[in-house]
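A short write-up of the structure that comes next.
Number of protein chains: 2
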Amino acid sequence: MRTDERITRAMGELLRRQGYAATGINALARAAEAPTGSLYHHFRGGKREIAAVALRQTGAVHIQLLPLLLDPYEDLAEGIEAAFAQAGDDMRGTGWPNMCPVGSVTAEIADVEPELREVSAEVMRDWIDKGTAYFTARGLTPPAAAEFTHAVLAALEGAFVMARGLRTEAPFHAAGRTLAAHVRTLAREEGAGVREEDAAVRAEGAVAGS
Amino acid sequence: MRTDERITRAMGELLRRQGYAATGINALARAAEAPTGSLYHHFRGGKREIAAVALRQTGAVHIQLLPLLLDPYEDLAEGIEAAFAQAGDDMRGTGWPNMCPVGSVTAEIADVEPELREVSAEVMRDWIDKGTAYFTARGLTPPAAAEFTHAVLAALEGAFVMARGLRTEAPFHAAGRTLAAHVRTLAREEGAGVREEDAAVRAEGAVAGS
DNA sequence: GTCTATAAAGGGATAGAC
DNA sequence: GTCTATCCCTTTATAGAC
Chain A
1 MRTDERITRA MGELLRRQGY AATGINALAR AAEAPTGSLY HHFRGGKREI AAVALRQTGA
61 VHIQLLPLLL DPYEDLAEGI EAAFAQAGDD MRGTGWPNMC PVGSVTAEIA DVEPELREVS
121 AEVMRDWIDK GTAYFTARGL TPPAAAEFTH AVLAALEGAF VMARGLRTEA PFHAAGRTLA
181 AHVRTLAREE GAGVREEDAA VRAEGAVAGS
Chain B
1001 MRTDERITRA MGELLRRQGY AATGINALAR AAEAPTGSLY HHFRGGKREI AAVALRQTGA
1061 VHIQLLPLLL DPYEDLAEGI EAAFAQAGDD MRGTGWPNMC PVGSVTAEIA DVEPELREVS
1121 AEVMRDWIDK GTAYFTARGL TPPAAAEFTH AVLAALEGAF VMARGLRTEA PFHAAGRTLA
1181 AHVRTLAREE GAGVREEDAA VRAEGAVAGS
């Protein structure tokens, strides 16, 4: 693996476990098996620039899970519930780390590191765009899809935090079931967010290509 | 105000803006207008103990908002939607700080500070107990109330994070509307979480006393 | 490009005068 | 109980040999 890849990957891993402030350049160099000077050779912006790249990387990786997890389910509500359940299982199985550092790092640095906050905002806007496109392709009207995407992302980030503290999957199950119920409501109420003609149409690859 | 109160309050404020690792003892002493030695006189456990007390304090304060915000609404779904909307307005009005440090600090230190993680877990369990009691008093069956409480807390914590990054109230509105829709679903489906006999009964002071 | 050594600053914590 | 001075360690970042 290239040196700069090792560095940004190690940063991503440390960010999700310790956050930004607690992750020192020396610890990062050790984790990436690269000397201190090498970090500044590849990233002249130092710690902040490395964190920015790591956030963009992990953000892009994690949004890909959306179609991967939901495509197999013909019933969107069922898929949502299953996806949240699996996220909870994954956390328990890996010892309750955070699954994606974007949320926790954003909470930590939003008021103190304006450049990194803007990076987080870009990543989140990308999530929202891709999510809205996906749920629109799954039959929701664009406004309903946008709102649902916001709700899914908020519930997911919050479930990470709650589960990380409580060490229970309960937040994931509760969030998944609530969101699934909402999707079923949308499907039942005509004109309340579902386009009749393609409500049952699968959205194979709707987001994968973007 | 007593010195130890000034210290824990200042810690709470710094925690929600910068997180745990970035909050230094010296900065804390400055913010609390107390000399360094005074901190260790009142809290022999140092930074960690001060943070623990601050987390418990802010956690206890914030759960009191639940009945305060929801009691005025006879329709629970309407109340949920309004409460989330107000949380979003508050964040915008105050410049997008975190409203409660428990979530963000938990995300930051869960893997690194076991004692503080346990404190966060205690605070969160207290939230869940009080929330379950409240929503039960508002007409949900105990299991539905527990699940709904988990979903509300996860959505709230996640909305904080998303709004902090995006600087938009959209996550609050989306989360509030989704949860409100779910409550309405529960109210419509007989036996699906609402006890018929007291579904409309107000829960004045159900949590206030505990 | 890789790596070492070090500078300059700040961290948490403590001892002890007052 | 209040406050100061200081210890020791780690931090980010750089300079310069290889």
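Protein chains in written order, with this note's numbering: chain A, 1 to 210; chain B, 1001 to 1210.
For every residue, glycine included, the Cβ atom is placed at its ideal position computed from N, Cα and C.
| Query | Result |
| --- | --- |
| Within 8 Å, strictly: CB atoms of residue 1135(B) and residue 1145(B) | yes |
| Alpha-carbon to alpha-carbon, residue 99(A) and residue 187(A) | 30 Å |
| As assigned by DSSP and simplified to three states, the class of residue 1194(B) | strand |
| Residues bridged to residue 1140(B) [DSSP beta-bridge criterion] | 1194(B) |
| Residue 201(A) versus residue 75(A): straight-line alpha-carbon distance, rounded | For residue 201(A), the predicted structure reports a pLDDT of 48, less than 50, and the residue's modelled location is therefore unreliable. A value from the coordinates is still provided. C-alpha separation (whole angstroms): 10 Å. |
| Spatial neighbours of residue 90(A) in its chain, beta-carbon cut-off 7 Å, leaving aside the 5 residues before and after | 99 |
| Contact with chain B by residue 97(A), beta-carbon distance below 8 Å | yes |
| Minimum C-alpha distance to residue 1041(B) - residue among 1063(B), 1011(B), 1073(B) and 1003(B) | 1003(B) |
| Cβ neighbours of residue 1153(B) in the same chain (closer than 8 Å, five flanking residues each side left out) | 1124, 1127, 1128 and 1131 |
| Residue range of the alpha helix (DSSP H) that includes residue 1091(B) | 1076 to 1093 |
| Contact list for residue 121(A) against chain B, beta-carbon separation under 8 Å | 1165, 1166 and 1167 |
| Continuous alpha helix (DSSP H) stretch holding residue 1171(B): start and end | 1170 to 1188 |
| Cβ-Cβ distance between residue 1081(B) and residue 1180(B) below 8 Å | yes |
| Within the segment 1102 to 1143 of chain B, ranges of the alpha helix (DSSP H) (whole runs, at least 4 residues) | 1114 to 1137 |
| Chain-ordered chain B contacts of residue 11(A) [CB-CB under 7 Å] | Residues of chain B passing the Cβ test: none, with the nearest at roughly 15 Å. |
| Complete runs of the alpha helix (DSSP H) confined to the segment 1004 to 1080 of chain B [at least 4 residues] | 1025 to 1032, 1036 to 1042, 1046 to 1063 and 1065 to 1070 |
| Nearest to residue 1001(B) (by Cα), restricted to the options 1138(B), 1034(B), 1015(B) and 1024(B) | 1034(B) |
| Test item: CB-CB of residue 36(A) and residue 25(A) under 8 Å | yes |
| Distance between beta carbons of residue 108(A) and residue 1108(B), contact taken as under 8 Å | 5 Å |
| Cα-Cα separation, residue 113(A) to residue 1018(B) | 9 Å |
| Closer than 8 Å to chain A by CB, residue 1104(B) | yes |
| Chain A within 8 Å of residue 1030(B), Cβ atoms only | no |
| Collapsed DSSP secondary structure at residue 1099(B) in the structure displayed | coil |
| Of the residues 1061(B), 1010(B) and 1101(B), the one placed nearest residue 1157(B), counting alpha carbons only | 1101(B) |
| Sub-8 Å separation of residue 1165(B) and residue 106(A) beta-carbons | yes |
| DSSP three-state assignment for residue 162(A), whether helix, strand or coil | helix |
| Given residue 1167(B) as reference, the closest of 85(A), 15(A), 11(A) and 122(A) once Cα atoms are compared | 122(A) |
| Cβ-based neighbour list, residue 177(A), same chain, cut-off 7 Å, excluding 5 preceding and 5 following | 81 |
| Any C-beta of chain A under 8 Å from that of residue 1158(B) | yes |
| is_contact[residue 19(A), chain B] using C-beta, thresh 8 Å | yes |
| Below-8 Å beta-carbon distance, residue 1006(B) vs any chain A residue | no |
| Residues of its chain near residue 48(A), where Cβ-Cβ distance is below 8 Å and the 5 sequence neighbours each way are ignored | 113, 115 and 116 |
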